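Student:
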Ligand code: HEM
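In the numbering used here, the protein residues as written are 202 to 657.
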């Protein structure tokens, strides 16, 4: 007990082995965090093992962790585990080295570059529409379709390359690498990962496959630079970049390129996958989305984005209900105080988008899919309308480590939905239940089987 006779840690759910086992499953933690936010409305202490773990359950404390006290925390071990694939890129880089690297990558995502990226976004979407045109009535795995599309987009927009047939291989390699990573995160997993265990052998094979693709993309970009006329691509920028007068090493370019390829497609793929599912279950929303797009009189492009406020609302609502980044994790590196509680060095602090985005304290009818909640009285879209507290919606994080690709992702998601919805109204099978697979990102467990139905 401390001097003021409070226990040293804030209250939290009681330790129960069954609860620990539940937390190791992939489908329950988001729901458990949402329940905890109701029982412990600001901060909860979780007893999961020897490391102290805290869940912040109020927007004020999310801000403390991500913005106000962000210098005293680093990325946590679960995310850092993804380093076996990503290496030392922007997402995982320690704070100390982050600022110059972020400055270097930022220009690629400046709003003036977005109009240029919108072109490959629409071209790749039209190619998807072509592929689908002969598949009416077919059953597809929407998760795989959307991963293929977003990979295609990121490849063309950021790497100036068409991945074509390689996209499927990347999808398969990524699935293997991620499934191994999930096992590595289980207790004792990290010690086993170099042993010849099939799951880890597959993880390394997947990671090697991804590595080979990224190195090929970098080599292709370097070759294009040597040509007298060449387009702009981000890898090209990285190859030219200097920090303190020094070029990035080839490993640094590889790690950054890998980070952008992976972080830039998996999240948006999940966003779009959940979007089609929610539209299927909410046909009146899908109809309004289609009407907004059809009212343009032509296939939507970058110049039309301002005329698509409802589509933005749909994207915001999907990000709210199924945030692809569903939890953020930080490890405390300098003792901090949260709400008067001392959080020691080495502790883990979690902030769950899934929990706060569905919290009835901050959202009216939290589980309802209502894109209009994001529209102002004038009918424009606002990502802080209608007055929900800042910090109750943070799908892209906040502070210095906020997502660098946020505007890219909004543009991509709006353009894809607005271009595809007038043609297709994919249907989730009535018996399909929303079973989550919550790992680095929030995916539907086992993919999302849908039937391709033409829109009427
Ligand atoms: C719906 C789509 C996306 C979501 C939900 C999302 C979410 C996030 C979140 C929550 C973070 C912060 C992680 C943390 O604080 O621990 C982050 C960081 C990052 N994201 Fe995204 N992201 C998306 C799309 C993209 C895209 C399209 C790109 C690139 C093309 C991208 C690249 C990155 C990178 C490089 C970082 C690390 C930034 C830094 O630390 O400076 N993301 N993302």
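We put the CB at the ideal spot given by N, CA and C, even for glycine. Values in this document were obtained by computation on a predicted structure and should not be read as measured data.
1) Could you pull out every residue in the same chain whose Cβ sits closer than 8 Å to the Cβ of residue 640, ignoring the five residues on either side in sequence?
2) I need the boundaries of the beta strand (DSSP E) containing residue 531, first residue and last residue.
3) Residue 573 to residue 518, Cα distance in whole Å?
4) On a CA-only basis, which of 484, 633, 374, 372 is nearest residue 654? Give me that one, please.
5) By the 10 Å Cβ neighbour count, where 16 or more other Cβ atoms means buried, how is residue 259 classified, buried or exposed?
6) Quick check: what's the CA-CA separation for residue 632 versus residue 318?
7) Determine which residues share a DSSP beta bridge with residue 447 and list them.
8) Given a cut-off of 8 Å, decide if residue 442 and residue 256 are closer than it, judged by their beta-carbon atoms.
9) Answer with buried or exposed for residue 580, where buried requires no fewer than 16 other C-beta atoms within 10 angstroms of its C-beta.
10) Does the ligand HEM have even one heavy atom less than 7 Å from the beta-carbon of residue 303?
11) Can you tell me which of the three DSSP states residue 555 falls into?
12) Entirely within the stretch 290-341 and at least 4 residues each: give me those alpha helix (DSSP H) ranges in chain order.
13) Could you check if residue 276 belongs to the surroundings of the ligand HEM, using beta carbon to heavy atom distance under 7 Å?
14) Could you tell me if the beta carbon of residue 299 falls within a distance shorter than 7 Å of some heavy atom in the ligand HEM?
15) Any chance the stretch 466-476 sits against the stretch 417-424, with 3 or more Cβ pairs inside 8 Å?
16) Would you say the beta carbon of residue 469 comes nearer than 7 Å to a heavy atom of the ligand HEM?
17) Flag residue 291 as yes when its Cβ comes closer than 7 Å to any non-hydrogen atom of the ligand HEM, and as no otherwise.
18) Below 8 Å, how does it come out for the stretch 554-574 and the stretch 520-535: are there three or more Cβ pairs, yes or no?
19) Roughly how many angstroms separate the alpha carbons of residue 414 and residue 401, rounded to a whole number?
20) Write down the C-beta distance between residue 490 and residue 515 rounded to the nearest angstrom, noting that I regard them as a contact closer than 8 Å.
21) Whose CA, out of 356, 406, 385, lies closest to the CA of residue 417?
22) Straight-line CA distance for residue 211 to residue 246?
23) Kindly give me the distance between the Cβ atoms of residue 460 and residue 315, rounded to whole angstroms, as I take these residues to be in contact under 8 Å.
24) Going by beta carbon distance, what residues of the same chain come within less than 8 Å of residue 344, once the five residues before and after it are set aside?
25) Here's a check: name, in chain order, each residue in its chain whose Cβ is nearer than 7 Å to the Cβ of residue 225, leaving out the five neighbours to either side.
26) In terms of residue numbering, what span does the alpha helix (DSSP H) encompassing residue 231 cover?
27) In chain order, what residues of the same chain have a beta carbon less than 8 Å from the beta carbon of residue 620, not counting five sequence neighbours either side?
28) By the three-class DSSP mapping on this structure, what secondary structure does residue 268 have?
29) Do you know how far the Cα of residue 220 is from the Cα of residue 230?
30) Could you tell me the alpha carbon to alpha carbon distance between residue 561 and residue 266, rounded to whole angstroms?
31) Based on Cα-Cα distance, which residue from 276, 321, 248 lies nearest to residue 503?
32) Residue 349 to residue 369, Cα distance in whole Å?
33) Tell me the DSSP secondary structure of residue 510 in three-state form.
34) Does residue 596 pass the burial test, meaning 16 or more other C-beta atoms within 10 Å, or should it be called exposed?
35) I believe residue 559 touches residue 522 by the beta-carbon criterion, under 8 Å. Please report the beta-carbon distance rounded to the nearest angstrom.
36) Assuming residue 607 and residue 354 form a contact by the criterion Cβ under 8 Å, report the distance between their Cβ atoms to the nearest whole angstrom.
Tutor: With the structure as the only source:
1) Excluding residues within five positions, the ones whose Cβ falls inside 8 Å are 227, 379, 382, 383.
2) Segment 528-533, the beta strand (DSSP E) holding residue 531.
3) Going from the Cα of residue 573 to the Cα of residue 518 covers about 9 Å.
4) The shortest Cα separation from residue 654 among 484, 633, 374, 372 belongs to 484.
5) Buried, because 16 or more other Cβ atoms sit within 10 Å of the Cβ of residue 259.
6) In this structure, the straight-line span from the alpha carbon of residue 632 to that of residue 318 is close to 38 Å.
7) The beta-bridge partner set that DSSP reports for residue 447 consists of 444.
8) No, Cβ-Cβ distance for residue 256 and residue 442 is not below 8 Å.
9) Residue 580 comes out exposed.
10) For the ligand HEM, at least one heavy atom lies less than 7 Å from the Cβ of residue 303.
11) Three-state DSSP puts residue 555 in a helix.
12) Counting only runs of 4 or more, we get 296-306, 312-333.
13) Yes, the ligand HEM has a heavy atom inside 7 Å of this Cβ.
14) Of the heavy atoms belonging to the ligand HEM, at least one sits nearer than 7 Å to the Cβ of residue 299.
15) The stretch 466-476 makes no contact with the stretch 417-424, as fewer than three CB pairs between them are under 8 Å.
16) Result yes, Cβ under 7 Å from the ligand HEM.
17) Yes, Cβ of residue 291 sits closer than 7 Å to a heavy atom of the ligand HEM.
18) Flag = yes, the stretch 554-574 and the stretch 520-535 touch.
19) In this structure, the straight-line span from the alpha carbon of residue 414 to that of residue 401 is close to 20 Å.
20) Rounded, the Cβ-Cβ distance is 6 Å, consistent with contact.
21) Checking every option, the nearest Cα to that of residue 417 belongs to 356.
22) It is roughly 6 Å from the alpha-carbon of residue 211 to the alpha-carbon of residue 246.
23) In fact, because the Cβ distance is near 20 Å, the residues do not count as touching under 8 Å.
24) Cβ within range, chain order: 470, 471, 474, 644, 645, 648, 649.
25) Closer than 7 Å at Cβ, skipping near neighbours: 387.
26) Run containing residue 231: 230-240, per the alpha helix (DSSP H) assignment.
27) Leaving aside the five residues that flank residue 620 on each side, the residues in its chain whose CB is nearer than 8 Å to its CB run, in chain order, 323, 326, 327, 330, 494, 500, 501.
28) Note: residue 268 maps to helix in three-state DSSP.
29) C-alpha separation (whole angstroms): 10 Å.
30) C-alpha separation (whole angstroms): 22 Å.
31) Distance from the Cα of residue 503 is smallest, within the candidate group 276, 321, 248, for 321.
32) In a straight line, the C-alpha of residue 349 is about 7 Å away from that of residue 369.
33) In the three-state DSSP reduction, residue 510 falls in the helix class (H, G or I).
34) Under this definition residue 596 is a buried residue.
35) Between residue 522 and residue 559 the Cβ distance is about 7 Å, and since that is below 8 Å, they are a contact.
36) Between the beta-carbon of residue 607 and that of residue 354 there is about 15 Å, and that puts the pair past the 8 Å contact cut.
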